[in-house]
Amino acid sequence: LWYNQPKFSPCATWNPYATTFANSTTLGPYTHGIFIDTNNTIYAGSWGISTIKVWRYNSSTPIRTITAGLFGPYSLFVTMNGDIYIDNGYRNGRVDKWTPNAINSVETMNISDACFN
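All residue numbers for the sequence shown refer to full-length UniProt numbering, where the first residue is 1 and numbers rise by one.
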């Protein structure tokens, strides 16, 4: 199973001049899931407003917002080809797969509750 596992230098420091591109106004309360792919595309989910947003590297404007059929997503995972797997188990009891440019998800697995940790 592939996943992005970046390697950080032990001397890494925080950029004091970095730009904040998302906050509680952008994502709402209770942001739980975040995934960064090898292109530094950021995927973040908000349990509070049942939304997943996607940003390209160095952009403060989301390129995609997913809300259809979601209720309280806790976690997400993105494959190398851009398929997004979203925990939709809190109320809907499933994991959904969103392909690039899809307008609807495909149910891929039934679960009994939210999956996270």
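In this text, a Cβ means the ideal position worked out from N, Cα and C, and glycines have one as well. Since we're looking at a predicted model, the values are computed, not measured.
Task: Run of the beta strand (DSSP E) containing residue 25, from where it starts to where it stops - done: First-last for residue 25: 24–27, but that is the alpha helix (DSSP H), not the beta strand (DSSP E).
TODO: Give a yes or no on whether the C-beta atoms belonging to residue 116 and residue 59 are separated by under 7 Å.
DONE: The answer is no: Cβ separation not under 7 Å.
Task: residue 106 classed as buried or exposed, judged by whether at least 16 other C-beta atoms fall within 10 angstroms - done: With fewer than 16 other Cβ atoms within 10 Å, it is exposed.
TODO: Please work out which residues of its chain come closer than 8 Å, Cβ to Cβ, to residue 50, disregarding the five sequence neighbours upstream and downstream, and give them in chain order.
DONE: 67, 70, 71, 72, 73
TODO: If I'm right that residue 110 touches residue 82 with Cβ under 8 Å, what's the distance once you round it to whole angstroms?
DONE: Going by Cβ atoms, the distance from residue 110 to residue 82 rounds to 24 Å, so no, they are not a contact pair.
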